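S.K.:
Chains as they are written, first to last, in my numbering: chain A, 48 to 489; chain B, 48 to 489.
#1: Verify the CB distance criterion: does residue 335(B) have a CB-CB separation below 8 Å to chain A?
#2: What are the start and end residues of the beta strand (DSSP E) that includes residue 58(B)?
#3: Could you compute how far the alpha carbon of residue 156(B) sits from the alpha carbon of residue 348(A)?
#4: Skipping 5 residues on each side, what residues in its chain have a beta carbon closer than 6 Å to that of residue 378(B)?
#5: Suppose contacts are defined by Cβ-Cβ distances below 8 Å. Is residue 119(B) in contact with residue 122(A) by that definition?
#6: Does the distance from the CB of residue 148(B) to the CB of residue 56(B) come in under 8 Å?
#7: At the 8 Å Cβ level, is residue 130(B) part of the contact set with chain A, yes or no?
#8: So with Cβ pairs under 8 Å, would you call residue 218(A) a contact of chain B?
#9: Under DSSP, the alpha helix (DSSP H) around residue 113(B) begins and ends at which residues?
#10: With residue 474(A) as the anchor, note down where its beta strand (DSSP E) starts and where it stops.
#11: Quick check: the segment 318 to 328 of chain A against the segment 346 to 362 of chain A, are at least 3 beta-carbon pairs closer than 8 Å?
#12: Output, in sequence order along the chain, the residues in the segment 286 to 307 of chain B whose CB is closer than 9 Å to any CB in chain A.
#13: Quick one: any contact between the segment 87 to 107 of chain B and the segment 49 to 65 of chain A, if contact means 3 or more CB pairs under 8 Å?
#14: Mind pulling the chain A residues with CB within less than 9 Å of residue 215(B)?
#15: Counting only C-beta atoms, is residue 204(A) closer than 8 Å to chain B at any point?
#16: Below 8 Å between beta carbons: does that hold for residue 458(A) and residue 439(A)?
#17: Roughly how many whole angstroms lie between the Cα atoms of residue 484(B) and residue 189(A)?
#18: Can you give me the Cβ contacts of residue 133(B) inside the same chain, cut-off strictly under 7 Å, excluding the 5 residues immediately before and after it?
#19: Assign residue 466(A) to one of three DSSP states: helix, strand, or coil.
#20: What residues match up with residue 81(A) in a beta bridge as DSSP calls it?
#21: Are residue 341(A) and residue 225(A) closer than 8 Å when you measure CB to CB?
#22: What are the residues in the segment 358 to 392 of chain A lying within 7 Å of chain B by C-beta distance?
#23: For residue 471(A), count neighbouring Cβ atoms within 10 angstroms of its own Cβ and tell me buried if that reaches 16, exposed if not.
#24: Between the segment 259 to 269 of chain A and the segment 295 to 313 of chain A, do at least 3 Cβ pairs fall closer than 8 Å?
#25: If you draw a straight line from the alpha carbon of residue 380(B) to that of residue 236(B), how long is it in whole angstroms?
#26: Can the beta-carbon of residue 77(A) be found closer than 8 Å to that of residue 109(A)?
#27: Hey, out of 463(B), 159(B) and 305(B), whose CA is closest to residue 214(B)'s CA?
#28: Where DSSP assigns a beta bridge to residue 344(A), which residues make up the other side?
#29: Report back the beta-carbon spacing between residue 222(A) and residue 338(A) to the nearest angstrom; my notes put them in contact at under 8 Å.
#30: If you count every other CB in all the chains shown that lies within 10 Å of the CB of residue 258(A), and 16 or more means buried, which is it?
#31: Quick one: which unbroken alpha helix (DSSP H) runs of 4-plus residues sit fully inside the segment 377 to 463 of chain B? Chain order, please.
#32: Within 8 Å, do at least three Cβ pairs link the segment 188 to 203 of chain B to the segment 83 to 96 of chain B?
#33: Considering only residues of the same chain and omitting the five flanking positions on each side of residue 453(A), which have a CB-CB separation below 8 Å?
#34: Nearest CA to the CA of residue 97(A): which residue from 130(A), 139(A) and 85(A)?
#35: Taking residue 463(B) as the reference, which of 382(B), 414(B) and 419(B) has the closest Cα?
#36: Check the C-beta distance from residue 286(A) over to residue 210(A) and give it rounded, since I have them as a contact under 8 Å.
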């Protein structure tokens with residue numbers, strides 16, 4: 048069986064620090080599958096990062112030859128910490144009786160839930176780098192092992208599949224955020240939500256030709272990959288998949304996904320084939336990435352309803368997470384298309400939000416008739432001559448099915464409104480009519 | 048951190064057997080994260096199973112309390128075997144300087160590539176069960192831990208998803224064999240192929256209503272779940288997923304998968320919507336199970352071509368494996384529908400195979416014209432009055448696209464032939480025209 052040379056970081060800042068470190072090295076030496084090769088000198092360092100006031104650390108490193116896999120070695124390190132009196136999981140940056148970190152494991156890059164190797168903070172920390180140099184790790188080796196800064200950009204299906212497979216097999220809860228790029232704070236909130244819930248986050252950036260109609264703005268759709276990558280980096284996205292159309296749709300592509308009659312109403316009526324294109328590209332992304340969770344904005348509520356059915360129908364084992372619409376200070380829902388509004392249309396556009404809130408307010412005041420509620424919002428929009436209603440409907444919450452004429456117990460009002468001062472810009476928004484005012488963004 | 052009580056089997060049959068076992072127990076006792084609780088008495092046993100002539104085993108077991116996860120404990124056991132002079136991987140049933148097996152790990156069932164707990168052969172082996180009883184494992188505990196015999200039958204998407212996820216996250220190469228049940232030796236060869244290549248094999252049994260036309264034999268399609276389960280058991284299938292139609296298609300199901308124009312030729316022309324139904328159900332099974340490989344019979348060659356495109360178009364990260372057609376002694380391709388042939392039709396049906404071989408033979412003899420090759424097979428079928436040709440086409444190998452009129456460099460001939468002596472039975476077969484005669488089944 049192959050032995051691997053690994054490097055462990057050793058540290059302590061309470062109790063008999065040197066004794067704790069020496070004992071750990073001795074115990075490593077008698078562990079089946081581990082031979083200790085060399086131990087570095089020990090040095091005093093301050094705590095790096097925030098934390099309560101505490102004593103200086105004693106730090107060092109050792110090299111070992113091991114037949115254990117990295118995950119087993121990690122378990123042994125944790126057992127040593129436990130035996131030294133440390134309680135796990137330890138609060139971050141609190142005093143520690145013993146710290147044993149797996150720094151390097153041969154030349155391997157490891158990216159699992161439990162373990163990232165090389166150790167993610169290795170390259171920023173002198174108190175780790177110095178002992179490694181002392182143990183004979185060359186600058187060249189360190190530079191070869193230095194990981195690419197996140198987000199890693201990949202453009203081929205094969206690479207993206209491989210990364211996602213590594214995550215899944217490494218036990219990582221994986222989140223996917225499909226986008227068409229031209230990212231704004233609305234997307235930022237999706238990344239943030241994914242980052243909070245998942246071990247690894249992948250964003251995709253693909254302006255999907257299949258979801259644009261022949262007369263639509265595919266070529267003119269805004270694109271800004273450098274800016275998108277900066278937002279992804281800031282949001283802690285691990286990998287960005289930005290394929291070309293040819294990479295997504297091979298010649299002879301024929302496996303399009305139908306969406307049924309509901310996909311032909313509202314957005315689907317105005318944009319024939321739109322949801323077929325959305326479902327097809329999202330099914331492909333789900334098949335490739337196999338995420339545990341996928342994040343979409345509530346601003347595109349009908350898209351979410353269509354995709355919920357796709358997930359249920361085809362049995363994708365994932366949770367679809369719907370994130371609240373993010374708005375500008377004046378209430379306008381954030382959208383990549385807002386940049387196309389000329390100054391006067393931009394000033395007029397918050398009328399959509401006011402119209403939806405007026406319906407909400409009317410509901411709160413006791414109005415229950417479906418068409419009367421729609422009429423309240425229509426009247427507000429009619430007061431803005433720059434706005435033309437494409438559709439305005441009150442539908443059931445969640446699945447967005449049509450509601451019968453007459454009184455309603457609630458629902459979601461969906462609007463598509465055109466502004467044509469400069470070029471024609473079509474904006475979407477929607478709102479629950481039963482939401483409280485404090486929470487009217489959702 | 049939680050400690051788990053685990054039981055290890057210890058054995059040796061060369062060298063100083065007792066010393067090897069005692070040394071292993073001592074080394075376990077100093078391993079970080081392990082406390083040895085009790086060691087059983089040691090007993091002499093014969094080798095179980097085939098193997099070269101060799102000495103008696105000394106066998107026992109020990110109980111430990113451990114904070115290590117099971118996979119790390121397994122690595123420690125392997126390291127102990129290595130240290131005792133054993134070379135890994137060891138040939139099966141050869142003499143061993145030391146055997147350390149993880150028998151039980153708390154009450155956990157573990158099913159990963161590296162590890163199956165409880166140990167798969169535990170319940171058949173007195174020399175393992177006796178030491179466990181001596182260490183205080185009750186009959187009740189053993190009975191509770193006894194795994195269900197394979198294949199495990201599941202009927203819900205959720206259960207099937209969960210099992211497949213465990214396999215994937217446990218590093219198992221997973222094979223899927225989708226079937227409509229009524230299994231025969233043809234399916235058996237798919238299972239066998241999957242068993243040879245994969246760590247875990249799942250079969251699905253679902254008579255898919257979506258791939259039957261309104262006038263087709265859905266209700267009459269043969270069903271035999273007990274017989275199917277017996278074949279799966281014999282073939283080493285780990286799990287059988289046999290859902291109801293309602294479990295597969297929820298009310299409001301709308302996400303059907305188109306297959307393009309090629310899916311409307313040959314089988315698709317005779318059976319409108321057939322490949323749409325096939326693609327939809329298979330996409331759902333791929334989404335649920337996320338297999339690394341999926342196995343289909345070459346008898347349904349057009350189905351394989353359609354599914355290859357589905358896999359490519361939607362990006363499912365799997366390899367589609369096409370297995371050779373299995374034939375009766377007289378050349379008839381095995382099919383679940385063969386049982387419907389009356390005696391005279393059954394006697395006549397091998398004419399399809401003879402017709403395809405005649406075309407192959409003509410090609411070997413130098414005939415290259417597309418239509419002339421089809422004519423050779425047509426003439427053979429015309430000689431059998433019980434047979435009516437539904438279609439007979441020579442298409443390109445692999446993607447099965449139409450070939451132009453004139454000379455061909457090769458191709459695959461596909462036939463659908465009806466027999467109507469009793470009820471009408473439609474049989475499919477196909478063959479490469481360039482295959483050698485020795486290998487004409489493929």
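Beta carbons: idealized from backbone N, C-alpha and C, even for Gly. The structure displayed is predicted, hence computed values, not measured ones.
M.R.: Let me spell this out:
#1: For residue 335(B), the closest Cβ of chain A is nearer than 8 Å.
#2: Start and end: 51 to 59.
#3: The alpha-carbon of residue 156(B) is positioned some 42 Å away from that of residue 348(A).
#4: Residues 397 and 400 of the same chain have their beta carbon placed closer than 6 Å to that of residue 378(B), with the five preceding and five following residues left out of the count.
#5: Cβ atoms of residue 119(B) and residue 122(A): closer than 8 Å.
#6: Yes, the pair counts as a contact, with Cβ atoms nearer than the cut-off.
#7: Yes, because at least one Cβ of chain A sits closer than 8 Å to the Cβ of residue 130(B).
#8: Any Cβ of chain B closer than 8 Å to the Cβ of residue 218(A) would place that residue at the interface, and such an atom is present.
#9: Residue 113(B) -> not in any alpha helix (DSSP H); beta strand (DSSP E) instead, spanning 104 to 113.
#10: Note, residue 474(A): beta strand (DSSP E), 472 to 479.
#11: The segment 346 to 362 of chain A is in contact with the segment 318 to 328 of chain A.
#12: Listed by position, the residues of the segment 286 to 307 of chain B near chain A (Cβ gap below 9 Å) are 295, 296, 297, 299, 300, 301, 302, 303, 304, 305, 306 and 307.
#13: As far as the Cβ criterion goes, the segment 87 to 107 of chain B does not touch the segment 49 to 65 of chain A, which means the pair count is below three.
#14: Neighbours of residue 215(B) in chain A, taken as residues whose beta carbon is under 9 Å from its own, are 212, 215, 216 and 337 in chain order.
#15: A Cβ of chain B is located within less than 8 Å of the beta carbon of residue 204(A).
#16: No, the pair does not count as a contact, with Cβ atoms beyond the cut-off.
#17: For residue 484(B), the pLDDT reaches just 49, beneath the cut-off of 50, and the residue's location in the model is therefore unreliable, although a value from the coordinates is still provided. Taking the straight line from one Cα to the other gives about 60 Å.
#18: The beta carbon of residue 133(B) lies closer than 7 Å to those of 143, 144 and 145 in the same chain, with the five residues before and after it left out.
#19: Secondary structure at residue 466(A): strand, using DSSP grouped into helix, strand and coil.
#20: Beta-bridge pairing links residue 81(A) to 113(A).
#21: Their beta carbons are under 8 Å apart, which means residue 341(A) touches residue 225(A) by this criterion.
#22: Against chain B - using a Cβ distance shorter than 7 Å - the residues of the segment 358 to 392 of chain A are 359, 360, 361, 362, 363 and 364.
#23: Exposed: under 16 other Cβ atoms inside 10 Å.
#24: Contact between the segment 259 to 269 of chain A and the segment 295 to 313 of chain A is absent, because fewer than three Cβ pairs lie under 8 Å.
#25: Cα to Cα, residue 380(B) sits roughly 13 Å from residue 236(B).
#26: Between residue 77(A) and residue 109(A), the C-beta spacing is not below 8 Å.
#27: It is 159(B) whose Cα lies nearest to the Cα of residue 214(B).
#28: Beta-bridge pairing links residue 344(A) to 370(A).
#29: About 6 Å separates the two Cβ atoms, so the contact holds.
#30: Buried, since its Cβ has 16 or more Cβ neighbours within 10 Å.
#31: Entirely contained in the segment 377 to 463 of chain B, the alpha helix (DSSP H) runs reaching 4 residues are, in chain order, 390 to 395, 398 to 411 and 417 to 429.
#32: The segment 188 to 203 of chain B and the segment 83 to 96 of chain B do not touch, with fewer than three beta-carbon pairs separated by less than 8 Å.
#33: Within the same chain, residue 453(A) has close Cβ partners 416 and 417.
#34: The alpha carbon of residue 97(A) has as its nearest neighbour, out of 130(A), 139(A) and 85(A), the alpha carbon of 139(A).
#35: Closest option to residue 463(B), Cα to Cα, is 382(B).
#36: About 6 Å separates the two Cβ atoms, so the contact holds.
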